Every structure is written in structure tokens, then in C-alpha cells.
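> The structure is given below, and queries will be raised subsequently.
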DNA sequence: ATATCAATCAAGTGATTGATTGAATCATAG
DNA sequence: CTATGATTCAATCAATCACTTGATTGATAT
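Structure, rendered in C-alpha cells:
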């Protein structure tokens, strides 16, 4: 009896974990974290075929991670609970903390490009004080809202292309994101340099910056 | 290019989730949350065959969720990072929030929706200091021997009926077990309340208690 | 009604998984 | 060095999974 309850519970937990165990579904959830979406939009964003995307969505719905509603012809999906973001966040944290694989991937990222050395945090603090640098926070808006380096602009990768023209051609730009394992800053710098900007990546991310005891602008939750 | 890096990262996250997507492995991790264990002990506790348990352990190690070291002939496994507890906790929270199935299971456990809120760890620490509470450790004797909350009595579910009469009728009783995944404390509280006792469950279990930095009585192995 | 478009279902394929069995490896005791 | 016992590897089978293709449902507009 108690054994079977325990087994049933573990199976339910495992079912949720299983729903998160496919890259395609994580990608879908990441999209849904931005806001509710229809099936076609999700399929396009994630690069999945329509039918495949639909099936993944139904698997997510079976695990109650997403809910759906009809809007005319379209079926709109959304995350069923904000806590799912926390779960995914810890998944990311554990994965990035533990997997040497990730490090190898990131090494490959900066390896085969002519990416410049990242700027040190002390160096950035110095240039910030002088006002000679534009700092971009390329994390999602909610993370920026929760805490960011004073003076930093929040520009997600998706927004970057639109914002690019507003920067002075000779501006010195520094991008940062979640930390050493996060690819956002790498990608932002790569994009900026492709457009000819003088962009570099901050060494580490916000957690390391804070760990140094440097100022952080936080918003009370 | 950046797309493929993103894909690789998602695959790493998915790999961690996949490691959590089998009840057998969750069960193993729950055991390891109590403390490091050898393969045979884990196989016995989880009811897995030795070879099967070993393979699950290696899958967990491949995902870097556990680490191993040799101790003579034995190989001892342990969680690689305390953050894994947080991850499992959110997995549980999301599963229990979203899956009506789980709620039904837990409701079945405590008979009906009669069960009181669990007591917080801070609250228990306070009452322990005042000496106004009886704490029951309802885990198996060997786990109690390895580590338990100072002042707790070890009473397994099997022994509970016999020990019941010894408690004062108005005693305030708090039961704890391995943690949120474990059903022992639920059952103990249900049994105690059926007999009219004022019993509650501790929020979380021993691993969470220890994670809080609260005192634990350990016995050197 | 009928046409149309979005989404889902159904069936098939190739790959992966979990569990079982028996053999092979490894560190230590003798 | 050899024997011993704990652990892991290797091979296997049934089950499940992700993805594709093509048919079907459901809601709307004509």
C-alpha cells in the first residue's frame, strides 16, 4: 500500500521530468515563457514540423505543463503555471554547473571565431565610472527587472537587430548575461561585431559581478 | 551556428531532465539525498536488482548528477551538488501543482482532506529549543543511525502502533522522514491523528533540514 | 451545404530505453 | 600471485519514443 503510493508519486514526478527531457519540448516551453502562442508560430520558432510540434504540445499538455484554448480556428497554448519557469531555471543551473559538456560547447563557441578577450569586471567598472561604455544586458526582461548592473540597457537577442542602428558607430559596447555558461552574451557580441561594432563580452555574468561586491540595481519582488 | 550551440545546450538540459525521468532514478537520488551510499545498499533500498541499480547509477553519473569514489572494494556514490535538491524540489512542486493525480494520491494517503499544514523547519527548531514537542523520525533504523535530528525518536511505521500508548494524550508530535518525496511521515501523521493525537508533519525531511544548516546527529560509518 | 484553413490523428520507421542474464573487471586479503 | 567478493560490462528483448507522411477533424467564411 504505502509502497504503491510511493511508486505512483515517483511516477508522477518522473512524468514531469520526462516532459522536459526532449530538447524540442524545452524549446517550445522557452517560447511559451515569452507568452502564449499558436501551434504554427511555435512550429516555426522551434523549427519543428507542424505535426511534430502538435504532438509535443500534447505531450506537454498530458503532463499539465501547458494548457490550451481555442481562439477561432487557432488553438493557443500557454504555460500552465509560472513555477515551471523556476523548474526550468534549476534545470539549467544544475546542467550548467555539472556538465563539463557544456563547457566544451562554450569553448568551441569562442574557439573557432575571432572573438576578442572578454573584458574584466574591474575594467568594466572603471569604464562605467568614466561613462565611456555602453553596457547591454542581453538576458530576458524579467531577469533584468529582478537585478542588473546600473546603467545597463536591456536588449534581448531578439531585439538586438532593431536596436543596432541607434548605437554610435564608434561606441564601445559590452554585453553580459547570466554567467560563464550562458550563450546570450556570446551571441550578442558575435552579432554586434558582424555589424562592425566594437563589442566585447563581460567576463562572467551578473552573479559574478554581484559576487565581486559591485553595485547591482534590484527590484523588490 | 549560434543555432547549433543553442541546440547543444538544450540537449544538455534535456539530458539532466532525462536523468530525472525514471522513477527508479528518482528513488536512488532520494536515497543519496540522505547521504552517500554503496551500490548494494542503494539496490536494496530501492528494490532494484544490483545490475540494474548500477546501470541507473552510471546514467546518473553520465549526467553528472552523482559522483562516485572507491572505498576498498566498494564504490560509494553521492550527489554531486546540493542544488540537485532544489531541482528535485521544484520538480515535485510542479508535479503536485499540476497533476491532479498526485493530489488524489496524497489525499488517499491521509484518508481525507483532514491533514493539517506541515510545520516549518524554523518552527520546529524553535519548539525543539523550548522542549515542547516530541519529534519522531519515521525512517528505517539504519538511516536514523546514520543521521537524525537531535532529540528525535526513531519509530518506524511498523513500530508505531506499539509505541502509541506511551505518548501523552496532549503531546504535540512532529514526524519527519526522508523528504518531500517520502510518504512515511504522511502515513505516520495519519495514523497518529486517527488515534486522536495532535500530530503534524515536518516540511521537507532530513536533507532539507541539514541543507538549512541545522544541527544533525551523525554516526561515523 | 461547401470550401478553406488550422490543428490533430493514425500508422509506420528507425533509434533508444529499461530490465535481465551471465561474463568480465577491479581492489584488496591471504 | 591468486582467490574473493563487489561492481560493471555486454548482449538481449520488449517497450517506448521522435519524427514523417497522409488522412481527418473542427471552426469559419462563402
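Residue numbers (full-length UniProt numbering), protein chains in the order written: chain A, 1 to 221; chain B, 1 to 221. Cβ coordinates follow ideal geometry from the N, Cα and C atoms, glycine included. It should be emphasised that the depicted structure is a prediction, and the values quoted were computed from it without experimental measurement.
Report all residues from its chain with a CB closer than 6 Å to the CB of residue 148 of chain A; omit the five preceding and five following residues, and keep chain order.
Here residue 148 of chain A refers to the residue found at position 148 when the first chain is read from its first residue. Hits under 6 Å: 137, 217.
> For residue 22 of chain A versus residue 56 of chain A, is the C-beta distance shorter than 9 Å?
Here residue 22 of chain A refers to the residue found at position 22 when the first chain is read from its first residue. Here residue 56 of chain A refers to the residue found at position 56 when the first chain is read from its first residue. Yes. Within cutoff.
> In three-state terms, what does DSSP make of residue 69 of chain B?
What you label residue 69 of chain B is simply residue 69 of the second chain in a count that begins at 1. Correct three-state label for residue 69 of chain B: strand.
> Give a yes or no on whether the minimum CB-CB distance between residue 83 of chain B and chain A is below 9 Å.
The sequence position of residue 83 of chain B within the second chain is 83, counting from 1. Cβ-Cβ to chain A under 9 Å: yes for residue 83 of chain B.
> Quick one: what's got a C-beta closer than 6 Å to residue 54 of chain A's C-beta in the same chain, skipping five residues either side?
Position 54 of the first chain, counting from 1, holds the residue named residue 54 of chain A. Excluding positions up to five away in sequence, the list reads 39.
> Using the Cα positions of residue 153 of chain A and residue 116 of chain A, report the straight-line distance between them to the nearest angstrom.
Against the first chain, residue 153 of chain A aligns to sequence position 153. Against the first chain, residue 116 of chain A aligns to sequence position 116. Straight-line Cα distance between these residues: approximately 22 Å.
> Look up residue 148 of chain A in the DSSP assignment and say whether it is helix, strand or coil.
Looking up residue 148 of chain A in the first chain gives position 148. Note: residue 148 of chain A maps to strand in three-state DSSP.
> Name, please, each residue of chain B whose Cβ falls closer than 7 Å to the Cβ of residue 86 of chain A.
Locating residue 86 of chain A in the first chain gives position 86, counting from the first residue. By Cβ distance, chain B contributes 90.
> Count the C-beta pairs between the region 83 to 96 of chain B and the region 71 to 91 of chain A that are closer than 8 Å, then say yes if the count reaches three, no if not.
yes
> Buried or exposed: where does residue 187 of chain A fall if 16 or more other Cβ atoms within 10 Å of its Cβ makes it buried?
Working through the first chain from its first residue, we reach residue 187 of chain A at position 187. Buried, since its Cβ has 16 or more Cβ neighbours within 10 Å.
> For residue 38 of chain A, which beta-bridge partners are listed by DSSP?
Position 38 of the first chain, counted from the start, is the residue given in the question as residue 38 of chain A. DSSP, once it has assigned bridges, lists A/76 as partnering residue 38 of chain A.
> Which same chain residues, not among the five before or five after residue 143 of chain B, have their C-beta less than 7 Å away from its C-beta?
For the purposes of this step, residue 143 of chain B is taken as the residue at position 143 of the second chain. Result list for residue 143 of chain B: 34, in chain order.
> Round the Cβ separation of residue 189 of chain A and residue 171 of chain A to the nearest angstrom and send it over; I've been treating them as touching at under 8 Å.
As a first step, residue 189 of chain A is located in the first chain; it is residue number 189 there, counting from the start. As a first step, residue 171 of chain A is located in the first chain; it is residue number 171 there, counting from the start. No, residue 189 of chain A and residue 171 of chain A are not in contact; Cβ-Cβ is about 13 Å, not under 8 Å.
> What are the start and end residues of the beta strand (DSSP E) that includes residue 200 of chain A?
Mapped onto the first chain, residue 200 of chain A falls at position 200. Segment 198 to 201, the beta strand (DSSP E) holding residue 200 of chain A.
> Would you call the CB atoms of residue 119 of chain A and residue 201 of chain A closer than 9 Å?
Locating residue 119 of chain A in the first chain gives position 119, where the first residue counts as 1. Locating residue 201 of chain A in the first chain gives position 201, where the first residue counts as 1. Result yes, Cβ atoms of residue 119 of chain A and residue 201 of chain A sit closer than 9 Å.
> Would you list, in chain order, the members of the region 19 to 31 of chain B that have their beta-carbon closer than 9 Å to a beta-carbon of chain A?
19, 20, 21, 22, 23, 24, 25, 26, 27, 30
> Look up residue 137 of chain A in the DSSP assignment and say whether it is helix, strand or coil.
For this step, residue 137 of chain A is matched to residue 137 along the first chain. Note: residue 137 of chain A maps to strand in three-state DSSP.
> Of all Cβ atoms in chain A, is any one closer than 9 Å to the Cβ of residue 164 of chain B?
As a first step, residue 164 of chain B is located in the second chain; it is residue number 164 there, counting from the start. Residue 164 of chain B does not count as touching chain A.
> Residue 93 of chain A touches chain B at which residues, Cβ-Cβ below 7 Å?
Position 93 of the first chain holds residue 93 of chain A. The answer, in chain order, is 83.
> Report the residue from A/184, A/66, A/51 whose alpha carbon sits nearest the alpha carbon of residue 20 of chain A.
As a first step, residue 20 of chain A must be located in the first chain, where it is residue number 20. Minimum Cα distance to residue 20 of chain A is reached at A/66.
> Tell whether a beta-carbon distance below 9 Å holds between residue 139 of chain A and residue 206 of chain A.
Against the first chain, residue 139 of chain A aligns to sequence position 139. Against the first chain, residue 206 of chain A aligns to sequence position 206. Their beta carbons are under 9 Å apart, which means residue 139 of chain A touches residue 206 of chain A by this criterion.
> With the cut-off set at 9 Å, would you say residue 173 of chain A and residue 134 of chain A are in Cβ contact?
Along the first chain, one-based indexing puts residue 173 of chain A at 173. Along the first chain, one-based indexing puts residue 134 of chain A at 134. Yes, the Cβ-Cβ distance between residue 173 of chain A and residue 134 of chain A is below 9 Å.
> List the residues that DSSP assigns as beta-bridge partners of residue 176 of chain B.
Locating residue 176 of chain B in the second chain gives position 176, where the first residue counts as 1. For residue 176 of chain B, which the question treats as bridged, DSSP gives the partners B/137.
> Under 9 Å, Cβ to Cβ, is there at least one residue of chain B near residue 111 of chain A?
For this step, residue 111 of chain A is matched to residue 111 along the first chain. Note that residue 111 of chain A scores 46 on pLDDT, short of 50, meaning its location in the model is unreliable; the coordinates nonetheless yield the value given after this. Closer than 9 Å: no.
> Which word fits residue 158 of chain B, buried or exposed, when buried means at least 16 other C-beta atoms lie within 10 angstroms of its C-beta?
As a position in the second chain, residue 158 of chain B is number 158, starting the count at 1. Around the beta carbon of residue 158 of chain B, fewer than 16 other beta carbons lie within 10 angstroms, which makes this residue exposed.
> Count the other CB atoms, across all protein chains shown, that sit within 10 Å of the CB of residue 223 of chain A; report buried if there are 16 or more and exposed otherwise.
In the structure as shown, chain A begins at 1 and stops at 221. Residue 223 of chain A is therefore absent and cannot be evaluated.
> Could you tell me the distance, in whole angstroms, from the CA atom of residue 29 of chain A to the CA atom of residue 10 of chain B?
Within the first chain, the letter at position 29 stands for residue 29 of chain A. Within the second chain, the letter at position 10 stands for residue 10 of chain B. For residue 29 of chain A and residue 10 of chain B, the distance between alpha carbons rounds to 11 Å.
> Per DSSP, what kind of secondary structure is residue 153 of chain A in: helix, strand or coil?
By one-based count along the first chain, residue 153 of chain A stands at place 153. Strand at residue 153 of chain A.
> Confirm, please, whether the CB-CB distance from residue 63 of chain B to residue 46 of chain B is below 9 Å.
The residue labelled residue 46 of chain B in the question sits at position 46 within the second chain. The residue labelled residue 63 of chain B in the question sits at position 63 within the second chain. No, the Cβ-Cβ distance between residue 46 of chain B and residue 63 of chain B is not below 9 Å.
> Scan the region 199 to 214 of chain A for residues whose Cβ lies nearer than 7 Å to a Cβ of chain B and list them as they occur along the chain.
none
> Among B/7, B/31, B/161, which residue has its Cα nearest to the Cα of residue 85 of chain B?
Within the second chain, numbered from 1, the residue matching residue 85 of chain B stands at position 85. Nearest C-alpha to residue 85 of chain B: B/31.
> Residue 58 of chain B to residue 97 of chain A, Cα distance in whole Å?
Counted from its first residue, the second chain places residue 58 of chain B at position 58. Counted from its first residue, the first chain places residue 97 of chain A at position 97. Spanning the two alpha carbons is a distance of roughly 18 Å.
> Would residue 13 of chain B and residue 42 of chain B qualify as a contact pair, given that the criterion is a beta-carbon distance under 9 Å?
Locating residue 13 of chain B in the second chain gives position 13, counting from the first residue. Locating residue 42 of chain B in the second chain gives position 42, counting from the first residue. No.
> Please name the residue or residues paired with residue 119 of chain A in a DSSP beta bridge.
The residue given as residue 119 of chain A occupies position 119 in the first chain. In the DSSP assignment, the residues bridged to residue 119 of chain A are A/202.
> Which residue marks the beginning of the alpha helix (DSSP H) containing residue 54 of chain A, and which one marks its end?
Position 54 of the first chain holds residue 54 of chain A. 50 to 62 is the extent of the alpha helix (DSSP H) around residue 54 of chain A.
> For the alpha helix (DSSP H) containing residue 192 of chain B, list its first residue and its last residue.
Taking the second chain and counting its residues from 1, the one referred to as residue 192 of chain B is at position 192. Residue 192 of chain B -> alpha helix (DSSP H) spans 184 to 194.
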